[in-house]
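Structure, as C-alpha cells:
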Amino acid sequence: MTTLPSIFVAHGAPPLLDDRAWMAELARWAASMPRPKSILMMSAHWERAPLAVGATKPIPLIYDFSGFPRRFYEMTYPSPGAPELAARVAELVPIERDESRGLDHGVYTPLMAMYPNADVPVLQLSLPTEDPRALVALGRKLAPLRDEGVLVAGSGFIVHNLRAIDPSRKEMPAWGRDFDAWVADKLARRDVDTLVRYRELAPGVDMSLPSDEHFLPLFFAVGASIDRNEPVTFPIDGVWFGGFTKRSVQLGV
Numbered sequence: 207m208t209t210l211p212s213i214f215v216a217h218g219a220p221p222l223l224d225d226r227a228w229m230a231e232l233a234r235w236a237a238s239m240p241r242p243k244s245i246l247m248m249s250a251h252w253e254r255a256p257l258a259v260g261a262t263k264p265i266p267l268i269y270d271f272s273g274f275p276r277r278f279y280e281m282t283y284p285s286p287g288a289p290e291l292a293a294r295v296a297e298l299v300p301i302e303r304d305e306s307r308g309l310d311h312g313v314y315t316p317l318m319a320m321y322p323n324a325d326v327p328v329l330q331l332s333l334p335t336e337d338p339r340a341l342v343a344l345g346r347k348l349a350p351l352r353d354e355g356v357l358v359a360g361s362g363f364i365v366h367n368l369r370a371i372d373p374s375r376k377e378m379p380a381w382g383r384d385f386d387a388w389v390a391d392k393l394a395r396r397d398v399d400t401l402v403r404y405r406e407l408a409p410g411v412d413m414s415l416p417s418d419e420h421f422l423p424l425f426f427a428v429g430a431s432i433d434r435n436e437p438v439t440f441p442i443d444g445v446w447f448g449g450f451t452k453r454s455v456q457l458g459v
C-alpha cells in the first residue's frame with residue numbers, strides 16, 4: 207500500500223468556501239497526493255483529554271461558528287464513518303470514544319475543498335494537551351498509519367489572530383511575517399527541538415498566537431514524520447483577512 211504523507215492544513219472558516227483561489231489550491235494539493243484510504247485529523251476546535259476519537263458513523267456536523275449567512279449552517283459533508291480506523295488507533299494509543307461528537311469546521315471546511323465528494327472515511331482526533339512535545343510523541347506513535355493508507359493530518363493555523371482581521375489587508379503585519387518565516391525555516395530544517403520552544407524563541411509569537419490551540423496540531427503532524435528522512439514542503443501559503451496565514455505543510459511525498 208502506498209505511504210501517505212502527514213500534513214498540516216490551514217483550515218480557514220466557512221468563508222473559505224467562497225474563496226475560489228484557495229479552494230483550487232486545496233483541490234490541487236489533494237490531487238497531488240496519493241488517494242487516502244481514510245483520514246485521521248486533529249482539529250484545533252476539539253480540545254479534550256484524555257485523548258478521544260469522535261463518531262465512527264456519519265452524524266450531523268458541528269457548526270461551531272457564529273455570524274455567518276444561513277447557508278453555512280445548512281452545509282453537509284456526509285463522509286463515511288471510520289470504525290476500522292478507530293479500532294486501529296486504539297491498538298496504537300489509549301483512546302476514549304465519543305460517538306456523539308460530529309466533525310467540526312476545522313475538519314470539514316478544508317475537506318470540502320480537498321475531497322468534495324465526501325467519499326473518504328474521516329475520523330476526528332481530539333487535541334489532548336498543550337504540550338508540543340507530547341503532541342510530537344503522539345504523532346510518532348500513530349505514524350504507522352501512514353503506511354496503511356491513512357492521511358494523518360493536523361488542522362489549524364500557523365498565525366491566528368482574530369483581533370487583527372482586516373479583509374482589505376493583503377499583507378501580514380511584520381509580527382506575523384516574522385513568525386510564519388521562523389516556523390517555515392524550522393520545519394524546512396526539521397529542527398523540531400527548536401520548534402517546540404516557539405513560545406520562548408520565535409519572533410512575533412505573542413501577536414501571532416494570542417492562544418495556542420490553532421498552532422498545536424502542527425506538532426501532531428510533525429511527530430508522524432519525525433523518524434523519517436523525507437522532504438518538507440509548503441503547498442499553500444499566503445495571507446487571509448490579515449490575521450491568518452494560509453501556510454500548509456506536507457511532510458513526505
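Note that the sequence shown ends on residue 459 in the numbering used here; no numbers are left out. Backbone N, C-alpha and C fix where the C-beta goes; we use that ideal spot for every residue, glycine too.
Subject >> Cβ-based neighbour list, residue 301, same chain, cut-off 7 angstroms, excluding 5 preceding and 5 following >> reply: 257, 258, 259 and 295
**OP:** Classify residue 292 as helix, strand or coil using the three-state DSSP reduction.
**Re:** helix
**OP:** Could you say if the stretch 270–283 and the stretch 237–250 meet the contact criterion of at least three C-beta pairs nearer than 8 angstroms?
**Re:** no
Original post:
Between which two residues does the alpha helix (DSSP H) harbouring residue 253 extend?
Top reply: Here residue 253 belongs to no alpha helix (DSSP H); instead the beta strand (DSSP E) covers 244–253.
Original post:
With a CB to CB cut of under 7 angstroms and the five nearest residues on each side skipped, what residues in its chain are close to residue 388?
Top reply: 408 and 409
Subject >> Three-state secondary structure (DSSP) of residue 472 >> reply: This structure gives no information on residue 472, because the portion of the chain shown stretches from 207 to 459.
Subject >> residue 366 (DSSP reduced to helix, strand or coil) >> reply: strand
**OP:** Kindly indicate which residue of 424, 224 and 454 has the alpha-carbon position closest to the one of residue 275.
**Re:** 224
Original post:
Tell me, which residues are paired with residue 360 by DSSP?
Top reply: 214 and 248
**OP:** Within its chain, find whatever has a CB closer than 6 angstroms to the CB of residue 402; leave out the 5 residues flanking it on each side and keep chain order.
**Re:** 338 and 339
Original post:
Can you tell which of 367, 342 and 429 has the C-alpha that lies nearest to the C-alpha of residue 194?
Top reply: This structure gives no information on residue 194, because the portion of the chain shown stretches from 207 to 459.
Original post:
Excluding five sequence neighbours on each side, which residues of the same chain lie with their C-beta closer than 6 angstroms to the C-beta of residue 357?
Top reply: 210, 242 and 245
**OP:** Below 8 angstroms on the Cβ atoms is my guess for residue 312 versus residue 380; work out the distance and round it to an integer in Å.
**Re:** Contact doesn't hold; Cβ gap of about 27 angstroms is too wide.
Original post:
Helix, strand or coil: which one does DSSP assign to residue 414?
Top reply: helix
Subject >> Rounded distance between the beta-carbons of residue 327 and residue 291, thought under 8 angstroms >> reply: 7 angstroms
Original post:
What does residue 439 pair with, by DSSP beta-bridge criteria?
Top reply: 456
Original post:
Just to confirm, are residue 252 and residue 330 a CB contact at a threshold of 8 angstroms?
Top reply: yes
Original post:
Would you report the Cα separation of residue 213 and residue 376, rounded to the nearest angstrom?
Top reply: 26 angstroms
**OP:** Out of 228, 324, 349 and 232, state which residue places its alpha-carbon closest to the alpha-carbon of residue 427.
**Re:** 349
Original post:
To the nearest angstrom, how far is it from the Cα of residue 318 to the Cα of residue 324?
Top reply: 7 angstroms
Original post:
Between which two residues does the beta strand (DSSP E) carrying residue 328 extend?
Top reply: 328–333
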